[in-house]
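Asker: In the numbering used here, the protein residues as written are 160 to 367.
Okay, here's the structure, questions in a sec.
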């Protein structure tokens, strides 16, 4: 188990048995367990090795599918999660960025955007200025391939003078109006030269 980085409790959870059953097996008992094949599969070995019938853990073992194989079989595509406050800022500086890559169903991603998943990333809403459109903690998916702001009052991820924000945007000539749906938050104004477009918000999700 230690070779696989598994505790007895985690192995029990994956197999669907009690931790005491795993403890008995590790202590040299419970060889007749009906779950022996499942346990062996999780450990990357064979039932024969667990029962002491062979000294070779690889003999007769069923290898666990790799994450890449599972993603291909389930038609999953990568989606990066980036912290809007830190990750996006570091993308334009010298600070390393910590990125978490999730695997998402391709069908779901195609329903959100026509762009490939490599052009998208997910972040989380921070603060209350965009309520009720985007609440604090909401999942926000941003399309980096969309960088040209039209006149549709869309919602965009922006970098303004080193600050990063998500706002509804309206452009009038050289003036960029940053609109907040929350009536308690005043709108801001910037110039087109001050605004760097990171991408367009294409999806917002929250818990019910």
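Don't be surprised by glycine CBs; every beta carbon is placed ideally from N, CA and C.
Distance, Cα to Cα, residue 347 vs residue 230?
Answerer: In the chain shown, the residue the question calls residue 347 occupies position 188. In the chain shown, the residue the question calls residue 230 occupies position 71. C-alpha separation (whole angstroms): 43 Å.
Asker: Compute the Euclidean distance between the alpha carbons of residue 171 and residue 197, then round it to the nearest angstrom.
Answerer: What you label residue 171 is simply residue 12 of the chain shown in a count that begins at 1. What you label residue 197 is simply residue 38 of the chain shown in a count that begins at 1. Distance between the alpha carbons of residue 171 and residue 197: 10 Å.
Asker: What separation, rounded to the nearest whole angstrom, lies between the Cα atoms of residue 359 and residue 227?
Answerer: Translated into the one-based positions of the chain shown, residue 359 becomes position 200. Translated into the one-based positions of the chain shown, residue 227 becomes position 68. So the two alpha carbons sit approximately 29 Å from each other.
Asker: Do you know whose CA, among 266, 238, 270, 325, lies nearest residue 258's CA?
Answerer: Start at 1 with the first residue of the chain shown, and residue 258 comes out as number 99. Out of 266, 238, 270, 325, 238 has the C-alpha closest to the C-alpha of residue 258.
Asker: Once you ignore the five residues that flank residue 338 on each side, which residues in its own chain have a CB closer than 8 Å to its CB?
Answerer: The residue you call residue 338 lines up with position 179 of the chain shown. Around residue 338: 312, 326, 327, 328, 329, 346.
Asker: Please list, in chain order, all residues of the same chain as residue 349 whose beta carbon is under 7 Å from its beta carbon, the five residues on each side excluded.
Answerer: Taking the chain shown and counting its residues from 1, the one referred to as residue 349 is at position 190. Once the five neighbours on either side are set aside, the close Cβ partners of residue 349 are 319, 335, 337.
Asker: By the 10 Å Cβ neighbour count, where 16 or more other Cβ atoms means buried, how is residue 288 classified, buried or exposed?
Answerer: Locating residue 288 in the chain shown gives position 129, where the first residue counts as 1. Its Cβ being crowded by 16 or more others within 10 Å, residue 288 is buried.
Asker: What are the complete beta strand (DSSP E) segments, minimum 3 residues, inside the segment 275-307?
Answerer: Within the segment 275-307, the complete beta strand (DSSP E) runs of at least 3 residues are 279-283, 298-302.
Asker: In angstroms, rounded to a whole number, what distance separates the CA positions of residue 169 and residue 262?
Answerer: For this step, residue 169 is matched to residue 10 along the chain shown. For this step, residue 262 is matched to residue 103 along the chain shown. Cα-Cα distance, rounded: 22 Å.
Asker: Using CA atoms only, rank isn't needed, just tell me which of 225, 270, 276 is closest to residue 203.
Answerer: Mapped onto the chain shown, residue 203 falls at position 44. Of the listed residues, the one whose Cα sits closest to residue 203 is 225.
Asker: Ignore the nearest five residues each way along the sequence and tell me which others in residue 174's own chain have a CB closer than 7 Å to its CB.
Answerer: Counting from one through the chain shown, the residue named residue 174 turns up at place 15. Excluding positions up to five away in sequence, the list reads 194, 197, 198, 201.
Asker: Considering only residues of the same chain and omitting the five flanking positions on each side of residue 268, which have a CB-CB separation below 8 Å?
Answerer: Taking the chain shown and counting its residues from 1, one reaches residue 268 at position 109. Excluding residues within five positions, the ones whose Cβ falls inside 8 Å are 236, 238, 276, 279.
Asker: Rounded to whole angstroms, what is the Cα-Cα separation between residue 367 and residue 183?
Answerer: Here residue 367 is taken as the residue at index 208 of the chain shown, counted from 1. Here residue 183 is taken as the residue at index 24 of the chain shown, counted from 1. Approximately 42 Å, taken between the alpha carbons.
Asker: Please classify residue 330: does DSSP put it in a helix, a strand, or coil?
Answerer: Taking the first residue of the chain shown as position 1, residue 330 is located at position 171. Residue 330: strand per DSSP, three-state reduction.
Asker: Tell me residue 354's beta-bridge partners as DSSP assigns them.
Answerer: The sequence position of residue 354 within the chain shown is 195, counting from 1. Answer is 319, bridged to residue 354.
Asker: My guess is that residue 292 and residue 363 are in contact by the Cβ rule of under 8 Å, so how many angstroms apart are they, rounded?
Answerer: Reading the chain shown from its first residue, position 133 is the one you call residue 292. Reading the chain shown from its first residue, position 204 is the one you call residue 363. Indeed they touch by this definition, with Cβ atoms about 7 Å apart.
Asker: Just to confirm, are residue 315 and residue 308 a CB contact at a threshold of 8 Å?
Answerer: Working through the chain shown from its first residue, we reach residue 315 at position 156. Working through the chain shown from its first residue, we reach residue 308 at position 149. In this structure, residue 308 lies closer than 8 Å to residue 315 by Cβ.
Asker: Drop a sphere of 10 angstroms on the beta-carbon of residue 260, count the other beta-carbons inside from all chains shown, and report buried for 16 or more, exposed for fewer.
Answerer: Your numbering for residue 260 matches position 101 in the chain shown. Its Cβ having fewer than 16 others within 10 Å, residue 260 is exposed.
Asker: Provide the residue(s) that pair with residue 324 in DSSP beta bridges, ordered along the chain.
Answerer: Walking along the chain shown from the start, residue 324 turns up at place 165. In the DSSP output, where bridge partners are listed per residue, residue 324 has 317.
Asker: Could you give the first and the last residue of the continuous alpha helix (DSSP H) run that contains residue 241?
Answerer: Within the chain shown, residue 241 is the residue found at index 82, counting from 1. Neither: residue 241 is in no alpha helix (DSSP H) and is coded neither H nor E.
Asker: For the candidate residues 322, 274, 286, whose alpha-carbon lies nearest to that of residue 301?
Answerer: Mapped onto the chain shown, residue 301 falls at position 142. When each option's Cα is compared against that of residue 301, the closest is 274.
Asker: Between the beta-carbon of residue 284 and the beta-carbon of residue 296, is there less than 8 Å?
Answerer: Locating residue 284 in the chain shown gives position 125, where the first residue counts as 1. Locating residue 296 in the chain shown gives position 137, where the first residue counts as 1. Yes. Within cutoff.
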